[in-house]
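Chains as they are written, first to last, in the working numbering: chain A, 8 to 123; chain B, 8 to 119.
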């Protein structure tokens, strides 16, 4: 069974940093692109970033470019999102997703709240 | 970025009756590889989104056959042949042809 378990969400002040993690199991992690998608409270969805199987290609939505970094450790079956210079508008549930184009499984999400 | 426009945003439904959601894109979703990457997700309250349909009309494993997807180019539709109580929730279309991938605003089904 495919499982994606996010962690690391917290309350952080504007300008602060946070690192999200996603532990994957039930599939061959190193064979898949992986992604982060977010959903602001009561709002719609935004695809944040994705990374190729070996980490050699990474793509970011403009709103996070230069502030967020997606990375992965295939030996640990883990995906990460380093978030710096956080803004109030980054407040959202962050989902880890298997795949990029054609993503099929999402985790339950972790809440990031940016507030003073 | 490709703008995805869903309609209606709220859809009153009667259990046992059909329902239909439209999704239009601001540009063609036909990829250079010939595929059209338009998907439909369902999101129940407090849960993460679940994919129902991929590449316009392919149902995911375990998805009831009352759900169907159709369309081409810039105009797409999700249909539920007979709405059941468990279907009354929020649906999103998403295009992953062009980066950044973008979502529709969501359509909320409500009991009439």
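By construction, the Cβ of each residue, glycine as well, lies at the ideal position given by its N, Cα and C atoms.
Remember, it's a predicted structure, so these values are computed and weren't measured experimentally.
Boundaries of the beta strand (DSSP E) harbouring residue 119 (chain A): 117 to 121, taken from the DSSP string. Burial check for residue 45 (chain A): the Cβ neighbour count within 10 Å reaches 16 or more, so the residue is buried. The continuous beta strand (DSSP E) containing residue 53 (chain A) extends over residues 52 to 58.
Taking a contact to require three or more Cβ pairs closer than 8 Å, the region 16 to 33 of chain B and the region 82 to 96 of chain B qualify as touching.
The three-state reading of DSSP puts residue 28 (chain A) in strand, counting E and B together.
Of the residues B:32, B:98, B:44, the one whose Cα lies closest to the Cα of residue 16 (chain B) is B:98. Within chain B, the residues whose beta carbon sits less than 8 Å from that of residue 66 (chain A) are 106, 107, listed in sequence order.
Residue contact check for residue 53 (chain A) against chain B: a CB pair falls below 9 Å.
For the region 45 to 98 of chain B, the full-length beta strand (DSSP E) segments reaching 3 residues or more read 45 to 50, 57 to 61, 74 to 79, 82 to 87 along the chain. The region 112 to 122 of chain A makes no contact with the region 61 to 72 of chain A, as fewer than three CB pairs between them are under 8 Å. Think of a sphere of 8 Å around the beta carbon of residue 111 (chain A): the chain B residues whose beta carbon falls inside it are 58, 61, 67, in chain order. When Cβ-Cβ separations below 9 Å define contact, residue 74 (chain A) makes no contact with chain B. Three or more beta-carbon pairs drawn from the region 97 to 112 of chain A and the region 40 to 58 of chain A are found closer than 8 Å, and the two stretches are therefore classed as touching.
The residue from B:30, B:34, B:28 with its alpha-carbon nearest to that of residue 8 (chain B) is B:34.
DSSP, read as helix, strand or coil, puts residue 97 (chain A) in helix.
In this structure residue 79 (chain A) touches residue 62 (chain A) by the C-beta definition: roughly 5 Å separates them, less than 8 Å. Within the same chain, 11, 13, 29, 86, 114 come within 6 Å of residue 103 (chain A) by CB-CB distance, once the 5 residues on both sides are set aside. Residue contact check for residue 107 (chain A) against chain B: a CB pair falls below 9 Å. For residue 22 (chain A), no chain B residue has a Cβ inside 8 Å of its Cβ, as the nearest lies near 25 Å away.
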